[in-house]
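Just add 1 to the spot in the sequence shown (first one is 1) and you have my numbering.
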Amino acid sequence: MSGKRLMIGLLAFAAVFAAALVWFQFFAFYESVSEVGALTVAGRAVPVDGYEGIDASSSPLKRRGCFRADPAAFAGAAPAPEAEPLVAPFWFRCFDARALSLDLDAGRAAAFALATDAPEGFDTIVALYPDGRGYLWRQLNDRYRN
């Protein structure tokens, strides 16, 4: 009888631990961001529509965003040749890092650096399609990449 209780206890502990691990990995710390009306591009404010994003104070790498903007407004923005979209949590459906990577490699989207080394060691990148769809994320820059 005591072995049965021990196994039930271990399985219950494992289930609670697994649930907590999933929660902290995919849900905890993220905050929804939706009140972004403009992005700073080459020193000027560019209006954006329908911004849907996530961010967290625990890591600069958790920032992701999806929006619509006028592609002509990004003229003069610094290109980001080493843009590598980071995978977003599965529940943030508007941001598909794999599709973005393929489209950037194929030239169907262009990447721009909105901010470099802000915060220190991180660059803010935007991928923009000709139809106005835009995607924002942060990635490590050369200082911390290796």
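Think of the CB as a built atom: it goes at the ideal place given N, C-alpha and C, for glycine as much as any other residue.
Fair warning: this is a prediction, and the values are worked out from it, not measured in the lab.
Residue i - DSSP class collapsed to helix/strand/coil
{"i": "K57", "result": "A small fix is needed here, since residue 57 is Ala in this sequence, not Lys. Three-state result, A57: coil."}
{"i": "D50", "result": "strand"}
{"i": "L145", "result": "The residue asked about is misnamed: residue 145 is Tyr in this sequence, not Leu. Three-state DSSP puts Y145 in a helix."}
Residue from the options with nearest C-alpha to residue i
{"i": "A114", "options": "V42, V37, K5, F14", "result": "V42"}
{"i": "A74", "options": "P131, W138, R65", "result": "P131"}
{"i": "C67", "options": "G77, A128, R144, R146", "result": "A128"}
{"i": "A112", "options": "E32, A98, S58", "result": "A98"}
{"i": "A57", "options": "F28, L105, L40, V49", "result": "F28"}
{"i": "N142", "options": "A116, F91, G133, R134", "result": "A116"}
{"i": "V34", "options": "R144, W138, R146, Y145", "result": "W138"}
CB contact below 9 Å: residue i versus chain C
{"i": "F27", "result": "Any reference to chain C falls outside this structure, which holds one protein chain only."}
Residue i and residue j closer than 9 Å at C-beta
{"i": "Q140", "j": "D118", "result": "no"}
{"i": "L62", "j": "P86", "result": "no"}
{"i": "R64", "j": "Y136", "result": "no"}
{"i": "G51", "j": "R69", "result": "yes"}
{"i": "G108", "j": "R144", "result": "no"}
Extent of the continuous beta strand (DSSP E) to which residue i belongs
{"i": "G38", "result": "Element bounds for G38: n/a, residue is neither H nor E."}
{"i": "R69", "result": "65-69"}
{"i": "A119", "result": "Here A119 belongs to no beta strand (DSSP E), and DSSP marks it neither H nor E."}
{"i": "A73", "result": "It is not in any beta strand (DSSP E) - A73 carries neither H nor E in the DSSP assignment."}
Where the alpha helix (DSSP H) through residue i begins and ends
{"i": "A20", "result": "3-27"}
Practice task
Let me know the alpha helix (DSSP H) ranges lying completely inside the stretch 75-109, each 4 residues or longer, listed in chain order.
Solution key: The stretch 75-109 contains these whole alpha helix (DSSP H) runs: 98-107.
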